[in-house]
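Beneath this line is the structure, given in structure tokens, with notes to follow.
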Amino acid sequence: MDGIRGIFAGLPGWVKWVAIPLLVLFVFGGVITSILSTLIGFVFKLLLLAALVGGLVFLVKKFTGGGTKSSSGDW
Numbered sequence: 021m022d023g024i025r026g027i028f029a030g031l032p033g034w035v036k037w038v039a040i041p042l043l044v045l046f047v048f049g050g051v052i053t054s055i056l057s058t059l060i061g062f063v064f065k066l067l068l069l070a071a072l073v074g075g076l077v078f079l080v081k082k083f084t085g086g087g088t089k090s091s092s093g094d095w
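To convert, count from 1 in the sequence shown and add 20; that's our numbering.
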């Protein structure tokens with residue numbers, strides 16, 4: 021690791037903090053975008069599944085009577 025730090029030690033700040041991250045984004049941008057879109061798609065599908073299961077449980081309980089009805093406000 022000292023060799024890498026030695027290489028970066030002689031560079032100006034704009035190269036370390038602007039040029040190198042831009043090169044990384046240019047080279048690996050497609051991979052980063054692919055991973056993020058896959059992750060966002062998975063989270064969306066997970067939330068959609070939770071909403072659909074919740075809606076199904078609600079409808080089944082509503083139309084089948086849902087057990088005993090009480091006026092005390094119990095869930």
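Where a beta carbon is used, it is the ideal one built from N, C-alpha and C, also for glycine. Computed from a predicted model, the values in this text were never measured in an experiment.
- Collapsing the DSSP output to three states places L31 in coil.
- Distance between V80 and L59, taken at the CA atoms: about 32 Å.
- Annotation: the continuous alpha helix (DSSP H) that includes G49 extends over I40 to F83.
- If you draw a straight line from the Cα of T53 to the Cα of K82, it comes to about 43 Å.
- The C-alpha of G50 lies about 10 Å from the C-alpha of S57.
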